[in-house]
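J.:
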Amino acid sequence: MRRCGVDTKVKLFLERADNELVIAEKLKVLSEDEKAKRFLKIHPDMTFYSSVISHSYYTIFYAAKALLLTKNIPTSSPEVHKKTFNAFKEHFVDTGVLDVQLLEIYKKLVIRADALLEIFHDEKWKRGNYVYNTIAQANQEPAEDSLKNAKTFISNINQVIKKN
215 MRRCGVDTKV KLFLERADNE LVIAEKLKVL SEDEKAKRFL KIHPDMTFYS SVISHSYYTI
275 FYAAKALLLT KNIPTSSPEV HKKTFNAFKE HFVDTGVLDV QLLEIYKKLV IRADALLEIF
335 HDEKWKRGNY VYNTIAQANQ EPAEDSLKNA KTFISNINQV IKKN
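Quick note, the numbering used here runs 214 ahead of the 1-based positions in the sequence shown.
1. Measuring alpha carbon to alpha carbon, tell me which of Thr284, Gly310, Ser268 and Glu229 ends up nearest Lys377.
2. State the DSSP-derived secondary structure class of Pro258, mapped to helix, strand or coil.
3. Is the CB-CB distance between Thr273 and Ala364 below 8 angstroms?
4. Let me know the secondary structure DSSP gives Pro356 once reduced to three states.
5. Here's the rule I'm using: 16 or more other beta-carbon atoms within 10 Å means buried, otherwise exposed. How should Lys242 be labelled?
6. Applying the criterion that 16 or more other CB atoms from any shown protein chain within 10 Å of the CB defines a buried residue, is Leu199 buried or exposed?
7. So for Asp336, helix, strand or coil by DSSP?
8. Assign Ala277 to buried or exposed, taking buried as 16 or more other Cβ atoms, counted over all protein chains shown, within 10 Å of its Cβ.
9. At which residues does the alpha helix (DSSP H) containing Glu248 begin and terminate?
10. If you follow the alpha helix (DSSP H) that His295 is in, where does it begin and where does it stop?
11. Can you name, in chain order, every residue of its own chain whose Cβ lies under 6 angstroms from the Cβ of His269, other than the five neighbours on each side?
12. If you count every other CB in all the chains shown that lies within 10 Å of the CB of Asn370, and 16 or more means buried, which is it?
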């Protein structure tokens with residue numbers, strides 16, 4: 215019975231990660247599509263790049279939580295983001311587990327676990343720096359980078375979870 219609950223939670227966090235990725239993609243489009251802005255009655259100068267960064271980070275965060283739950287490693291408040299990052303690093307990166315699994319999945323092209331960890335770390339930093347400290351219009355380039363990182367991260371995590 216416990217395993218079933220974990221599988222349900224894994225699925226829930228993967229769905230949340232997917233939802234965050236979809237909204238990040240749509241907010242990026244909305245930031246750049248003048249017709250969509252007119253249709254939705256949004257001022258032409260408004261952008262949502264800070265939100266793209268934030269939602270991209272949450273894509274990564276929820277995907278990491280899902281992967282941790284496949285090994286019965288829950289994280290919770292307080293400091294859930296820090297705990298999730300540290301548990302992801304400790305249980306999947308430092309142990310080499312993720313590299314081995316990614317190697318089995320990709321054979322030729324390997325995304326190293328430390329590369330995923332660096333994505334997670336960088337996006338966590340960007341979430342704090344760009345979302346809270348920078349004007350939205352200046353965030354286009356970091357938003358594009360965040361969206362790319364989120365896609366890379368969730369794609370790899372989904373493959374590892376499917377393999378298990």
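Note that the Cβ used here is the ideal one computed from N, Cα and C, for glycine as well.
Keep in mind that this is a model prediction, so the values were computed, not measured.
T.: Taking the coordinates as given:
1. Walking along the sequence shown from the start, residue 377 turns up at place 163. Comparing Cα-Cα distances from Lys377 to each of Thr284, Gly310, Ser268 and Glu229, the minimum goes to Thr284.
2. Your numbering for residue 258 matches position 44 in the sequence shown. Residue state, collapsed to three classes: coil.
3. Here residue 273 refers to the residue found at position 59 when the sequence shown is read from its first residue. Here residue 364 refers to the residue found at position 150 when the sequence shown is read from its first residue. Result yes, Cβ atoms of Thr273 and Ala364 sit closer than 8 angstroms.
4. Indexing the sequence shown from 1 puts residue 356 at position 142. DSSP places Pro356 in helix when its eight states are reduced to three.
5. Here residue 242 refers to the residue found at position 28 when the sequence shown is read from its first residue. Classification of Lys242: buried, given that the 10 Å Cβ count is 16 or more.
6. A question about residue 199 goes unanswered here, because the residues of the chain that appear run from 215 up to 378.
7. As a working note, residue 336 is residue 122 in the sequence shown. In this structure, Asp336 counts as helix in the three-state DSSP scheme.
8. To locate residue 277, count along the sequence shown from 1; it is residue 63. The residue in question, Ala277, is buried, as its Cβ has 16 or more Cβ neighbours within 10 Å.
9. Counting from one through the sequence shown, the residue named residue 248 turns up at place 34. Start and end: Glu248 to Phe253.
10. Taking the sequence shown and counting its residues from 1, the one referred to as residue 295 is at position 81. Per DSSP, His295 belongs to the alpha helix (DSSP H) from Val294 to Phe302.
11. Sequence index remark: in the sequence shown, residue 269 carries index 55 (1-based). If we look at His269 and ignore the five residues flanking it on each side, its Cβ neighbours are Glu234, Ile237 and Ala238.
12. One-based indexing of the sequence shown puts residue 370 at position 156. Its Cβ being crowded by 16 or more others within 10 Å, Asn370 is buried.
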